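Student: If you read the protein sequences in the order shown, they are chains C and S.
Quick note on numbering: the first sequence equals residues 712 to 962 in our numbering.
Quick note on numbering: the second sequence equals residues 9 to 225 in our numbering.
Ideal placement from N, C-alpha and C gives every residue a C-beta, glycine not left out.
Source: prediction; values computed, not measured.
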Amino acid sequence: MSQNSSPARDADSRYATELPGGSHWSLMVRRGLQLTLTDIAGGANVGMLLYNPAQLTERYNAPDTLKCQHTFRLTAGHCLYSDMGRIFCALVADSFGWHDTVCGNSHARQVARQWGGRDYQVDRNRWHQNGYDSFLVELAKYGLSRRDMAANVNFFSQVSTDEAGKLSLSRQAAAGDAVSLRFEMDTLVVLHTCPHPLDQAAVYPERPVRVALAPADPLQEDDLCLNHCAENRRGYQNNALYHLGLPSRSA
Amino acid sequence: MIKHSQLEVRHARRRHTVRAGDYYIAGLERGQTLRILDLEGNQAADTLFYSAADPGERYSAMDTIRAQGNVYLTAGTILRSNEDNAMLEIVADTCGRHDTLGGACASESNTVRYGLETRCMHACRDSWMLALQEHEGFGLRKVDITHNINFFMNVPITASGELTFADGISGAGKYVELRALMDVIVLISNCPQLNNPCNAYHPTPIEVLVWDELIPA
Chain C
712 MSQNSSPARD ADSRYATELP GGSHWSLMVR RGLQLTLTDI AGGANVGMLL
762 YNPAQLTERY NAPDTLKCQH TFRLTAGHCL YSDMGRIFCA LVADSFGWHD
812 TVCGNSHARQ VARQWGGRDY QVDRNRWHQN GYDSFLVELA KYGLSRRDMA
862 ANVNFFSQVS TDEAGKLSLS RQAAAGDAVS LRFEMDTLVV LHTCPHPLDQ
912 AAVYPERPVR VALAPADPLQ EDDLCLNHCA ENRRGYQNNA LYHLGLPSRS
962 A
Chain S
9 MIKHSQLEVR HARRRHTVRA GDYYIAGLER GQTLRILDLE GNQAADTLFY
59 SAADPGERYS AMDTIRAQGN VYLTAGTILR SNEDNAMLEI VADTCGRHDT
109 LGGACASESN TVRYGLETRC MHACRDSWML ALQEHEGFGL RKVDITHNIN
159 FFMNVPITAS GELTFADGIS GAGKYVELRA LMDVIVLISN CPQLNNPCNA
209 YHPTPIEVLV WDELIPA
């Protein structure tokens, strides 16, 4: 199931941090960096949205990402596209093999129903945070709102369908599973570590995730993502136009 | 699931033919029923819904498919909002399956899908952009244009996780009908795509019909 074009780059990371489960964060990731997410304990979920900081109305577009690459799952070789036909980042390494991008987020009502309500007074930072409110909080920091919330990626959660289209959370990552994203343009990354909305765990899952940033290797002509399909080659041409006139990136 | 309508065309309050490459934008009141009719077959009606009272609340593909546990839309599907509220119900469907994963065509994604030389060909998103500009009163902006429904499109998922754009399962005269559970804005692009074999490279008109609330017999 797993595909690896290059190993996870934790060893030479310039920055690494650990996010507890049920948390949220946002950061600017520059073109030429590789972001590696590692599921520390197994069963993690990382919800992620992507925006162009120079033009925030440009954002991750799940339908374009899926149909440009004729895929329902995301794994190594795939690129995450913006609604403007550009590539935010490329999945250059993935030990898990199937990440969801159609199920959206857990909501406060659902989390309360399954695991009890969110209560900071009692639970402090181990409160039952949900994915939707996590995104709302982070988006507001950039002047964005629910209107800016597109379909997100859910890393480390495999959602498959049967012939009739029935959805199920069929597999979750094991401890040590990692996925690496090579950023092809400056990107505002908004993420949370809240449970996948189809997670049926008996207790609220608190699954920590390591986030590491390292310089990416320069794009080679035989790159896995560039050559995954003719569509991706054209996506890279759109990025080249976008960066025309800028100094070429250095690792 | 195939389910026929009991509504009679002669009782429809409004009827509009929407030609390929044009858009339709209008309010639909709670209790009213909207029918989208595929006049010639295998056409894609790219459709979005917004709460009329609060356009920041809108159709959400993710909430809809998650709540019903199924990626395909058909009779019985409740279309849900980004606030996880019920917006409309599909009450009749003679096609049997509609897509909400593939999104709409845009001139920008067309460059990726079909070639850089397709950049200036008309696309659904450009129809929507014009609709927003010509109908500012609805309060919609580019950020409100998201993950739509493709009525009459067939986009099956394989067991190994591939997305396939199969031949249409619609045909001339097939329709889908939705009853509004709240006051909504309906925004449709009748898809102008000339590069996709699923409409035999020949986009065709659709008709939109609206009935008032059913009066018990």
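Could you name the residues of chain S that Arg858 of chain C contacts, counting a contact when the two beta carbons are closer than 7 Å?
Tutor: As a first step, residue 858 of chain C must be located in the first sequence, where it is residue number 147. Gly64, Val151 and Asp152, listed in chain order.
Student: Within 10 angstroms of its Cβ, does Lys852 of chain C collect 16 or more other Cβ (buried), or is it exposed?
Tutor: Your numbering for residue 852 of chain C matches position 141 in the first sequence. Classification for Lys852 of chain C: exposed.
Student: When the Cα of Thr786 of chain C is compared with those of C:Ser856, C:Gly854 and C:Thr812, which residue comes out closest?
Tutor: As a first step, residue 786 of chain C must be located in the first sequence, where it is residue number 75. Nearest option by C-alpha distance: C:Thr812.
Student: Would you tell me roughly how many angstroms separate the C-alpha atoms of Gly788 of chain C and Ala823 of chain C, rounded to the nearest one?
Tutor: On the first sequence, position 77 is the one that residue 788 of chain C refers to. On the first sequence, position 112 is the one that residue 823 of chain C refers to. Cα to Cα, the separation comes out at about 37 Å.
Student: Can you find the residues in the same chain that come closer than 8 Å, C-beta to C-beta, to Leu791 of chain C, ignoring five residues on each side of it along the sequence?
Tutor: In the first sequence, the residue the question calls residue 791 of chain C occupies position 80. The answer, listed in chain order, is Leu761, Tyr771, Thr776, Leu785, Ile798, Phe799, Cys800, Ala801, Leu802, Val864 and Leu892.
Student: Got a sec? Which residues, its chain only, sit under 8 Å from Ala28 of chain S by beta carbon, not counting five neighbours each side?
Tutor: Reading the second sequence from its first residue, position 20 is the one you call residue 28 of chain S. Result list for Ala28 of chain S: Gln51, Asn198, Cys199, Pro200, Pro211, Thr212 and Pro213, in chain order.
Student: What span of residues does the beta strand (DSSP E) with Ser72 of chain S cover, start to end?
Tutor: The count along the second sequence starts at 1 and reaches residue 72 of chain S at position 64. Note on residue identity: the sequence assigns Thr, not Ser, to residue 72 of chain S. Not the beta strand (DSSP E): Thr72 of chain S falls in the alpha helix (DSSP H), residues Ala69 to Gln76.
Student: Helix, strand or coil: how does DSSP classify Trp219 of chain S here?
Tutor: The count along the second sequence starts at 1 and reaches residue 219 of chain S at position 211. In the structure shown, Trp219 of chain S sits in a strand (DSSP, three-state: E or B).
Student: Measure how close the beta-carbons of Leu81 of chain S and Tyr67 of chain S come, nearest whole angstrom, since I'm counting them as under 8 Å.
Tutor: As a working mapping, residue 81 of chain S is identified with position 73 in the second sequence. As a working mapping, residue 67 of chain S is identified with position 59 in the second sequence. Not a contact, Cβ separation roughly 11 Å.
Student: Looking at the structure shown, is Thr119 of chain S part of a helix, part of a strand, or coil, going by DSSP?
Tutor: Locating residue 119 of chain S in the second sequence gives position 111, where the first residue counts as 1. Three-state DSSP puts Thr119 of chain S in a helix.
Student: Could you name the residues of chain C that Gly179 of chain S contacts, counting a contact when the two beta carbons are closer than 9 Å?
Tutor: Within the second sequence, numbered from 1, the residue matching residue 179 of chain S stands at position 171. Simply none; closest approach about 21 Å.
Student: For a contact defined as C-beta to C-beta under 9 Å, what are the partners of Asn78 of chain S on chain C?
Tutor: Counting from 1 along the second sequence, the entry for residue 78 of chain S is found at position 70. Residues of chain C passing the Cβ test: Thr872, Ala875, Gly876, Lys877 and Leu878.
Student: For the region 744–775 of chain C, enumerate the residues whose C-beta is nearer than 9 Å to any C-beta of chain S, in chain order.
Tutor: Listed by position, the residues of the region 744–775 of chain C near chain S (Cβ gap below 9 Å) are Leu767, Thr768, Arg770, Asn772, Ala773, Pro774 and Asp775.
Student: Run the CB neighbour count on Gly815 of chain C, radius 10 Å, all protein chains shown included, and call it buried at 16 or more, exposed below.
Tutor: Residue 815 of chain C sits at position 104 when you count from the first residue of the first sequence. The residue in question, Gly815 of chain C, is buried, as its Cβ has 16 or more Cβ neighbours within 10 Å.
Student: Around the C-beta of Thr747 of chain C, are 16 or more other C-beta atoms found within 10 angstroms, so that it is buried, or is it exposed?
Tutor: For the purposes of this step, residue 747 of chain C is taken as residue 36 along the first sequence, with counting starting at 1. The residue is buried, with at least 16 neighbouring Cβ atoms inside 10 Å.
Student: Cα-Cα, which of S:Gly77, S:Asp191, S:Cys103 and S:Ala34 is closest to Gly49 of chain S?
Tutor: Counting from 1 along the second sequence, the entry for residue 49 of chain S is found at position 41. Comparing Cα-Cα distances from Gly49 of chain S to each of S:Gly77, S:Asp191, S:Cys103 and S:Ala34, the minimum goes to S:Cys103.
Student: Could you tell me the alpha carbon to alpha carbon distance between Thr25 of chain S and Ile193 of chain S, rounded to whole angstroms?
Tutor: Within the second sequence, the letter at position 17 stands for residue 25 of chain S. Within the second sequence, the letter at position 185 stands for residue 193 of chain S. Straight-line Cα distance between these residues: approximately 18 Å.
Student: Determine, for Gln840 of chain C, whether the minimum Cβ-Cβ distance to residues of chain S falls below 9 Å.
Tutor: As a position in the first sequence, residue 840 of chain C is number 129, starting the count at 1. For Gln840 of chain C, the answer is no, since every Cβ of chain S falls outside 9 Å of its Cβ.
Student: Quick check: Val740 of chain C and Phe846 of chain C, are their CB atoms within less than 9 Å of each other?
Tutor: Walking along the first sequence from the start, residue 740 of chain C turns up at place 29. Walking along the first sequence from the start, residue 846 of chain C turns up at place 135. Their beta carbons are not under 9 Å apart, which means Val740 of chain C does not touch Phe846 of chain C by this criterion.
Student: So is Asp794 of chain C in contact with chain S if we call contact Cβ pairs under 9 Å?
Tutor: Here residue 794 of chain C is taken as the residue at index 83 of the first sequence, counted from 1. Closer than 9 Å: yes.
Student: If you drop the 5 nearest sequence neighbours on each side, which residues of the same chain put their C-beta closer than 8 Å to that of Thr172 of chain S?
Tutor: Here residue 172 of chain S refers to the residue found at position 164 when the second sequence is read from its first residue. Around Thr172 of chain S: Val163, Pro164, Ile165 and Thr166.
Student: Is there a C-beta anywhere in chain S that falls below 9 Å from the one on Val890 of chain C?
Tutor: Position 179 of the first sequence, counted from the start, is the residue given in the question as residue 890 of chain C. Not an interface residue.
Student: Write down the C-beta distance between Ser737 of chain C and Leu899 of chain C rounded to the nearest angstrom, noting that I regard them as a contact closer than 8 Å.
Tutor: Counting from one through the first sequence, the residue named residue 737 of chain C turns up at place 26. Counting from one through the first sequence, the residue named residue 899 of chain C turns up at place 188. That pair is a contact at about 7 Å.
Student: Taking Asn884 of chain C as the reference, which of C:Ala819, C:Met896, C:His907 and C:Ala875 has the closest Cα?
Tutor: Taking the first sequence and counting its residues from 1, one reaches residue 884 of chain C at position 173. One detail in the question is off: residue 884 of chain C reads as Ala in this sequence, not Asn. Comparing Cα positions, the closest option is C:His907.
Student: Compare the C-alpha of Gln76 of chain S against each of C:Ala951, C:Lys877 and C:Asn949 and name the closest.
Tutor: Your numbering for residue 76 of chain S matches position 68 in the second sequence. If we check each option's Cα against that of Gln76 of chain S, C:Lys877 comes out closest.
Student: Assuming Asp101 of chain S is part of the beta strand (DSSP E), what are its boundary residues?
Tutor: Residue numbering aside, residue 101 of chain S sits at position 93 when the second sequence is read from its first letter. Ala94 to Asp101 is the span of the beta strand (DSSP E), which, as asked, contains Asp101 of chain S.
Student: Among all the DSSP beta bridges, which residues are the ones paired with His735 of chain C?
Tutor: Reading the first sequence from its first residue, position 24 is the one you call residue 735 of chain C. His735 of chain C pairs with C:His903.
Student: How would you label Asp934 of chain C, buried or exposed, when you count the other beta carbons within 10 angstroms and need 16 or more for buried?
Tutor: On the first sequence, position 223 is the one that residue 934 of chain C refers to. Buried, since its Cβ has 16 or more Cβ neighbours within 10 Å.
Student: Could you check whether Ser734 of chain C and His839 of chain C sit closer than 9 Å to each other, using their CB atoms as the reference points?
Tutor: Mapped onto the first sequence, residue 839 of chain C falls at position 128. Mapped onto the first sequence, residue 734 of chain C falls at position 23. Cβ distance not < 9 Å, so His839 of chain C and Ser734 of chain C don't count as in contact.
Student: From the DSSP output, in three-state form, read off Ala912 of chain C for me.
Tutor: Start at 1 with the first residue of the first sequence, and residue 912 of chain C comes out as number 201. Three-state result, Ala912 of chain C: coil.
Student: Counting only the same chain and skipping the five closest in sequence on each side, list residues whose C-beta sits under 7 Å from that of Met7 of chain S.
Tutor: Only positions 9 to 225 of chain S appear in the structure, and residue 7 of chain S is not among them; the question remains open.
Student: Taking the alpha carbon of Ala923 of chain C as the point to measure from, which residue in C:Leu767, C:Val890 and C:Ser817 has its own alpha carbon closest?
Tutor: As a first step, residue 923 of chain C is located in the first sequence; it is residue number 212 there, counting from the start. Residue C:Val890 is the option with its Cα nearest to Ala923 of chain C.
Student: Apart from the five residues on each side of it in sequence, which residues of its chain come closer than 8 Å, Cβ to Cβ, to Ala962 of chain C?
Tutor: Taking the first sequence and counting its residues from 1, the one referred to as residue 962 of chain C is at position 251. Any reading at Ala962 of chain C must be qualified, since the residue scores a pLDDT of 41, below 50, and its modelled position is unreliable; no value is offered.
Student: Closer than 8 Å is the cut-off here; do at least three beta carbon pairs connect the region 145–160 of chain S with the region 173–185 of chain S?
Tutor: Yes, the region 145–160 of chain S is in contact with the region 173–185 of chain S.
Student: Please report the distance separating the alpha-carbon of Gly808 of chain C from that of Val914 of chain C.
Tutor: Within the first sequence, residue 808 of chain C is the residue found at index 97, counting from 1. Within the first sequence, residue 914 of chain C is the residue found at index 203, counting from 1. If you take the alpha carbons of Gly808 of chain C and Val914 of chain C, they lie about 26 Å apart.
Student: Under 7 Å, CB to CB, which of the residues in the region 932–961 of chain C have a partner in chain S?
Tutor: Of all residues in the region 932–961 of chain C, Glu942, Arg945, Gly946, Gln948 and Asn949 have a Cβ within less than 7 Å of some Cβ in chain S.
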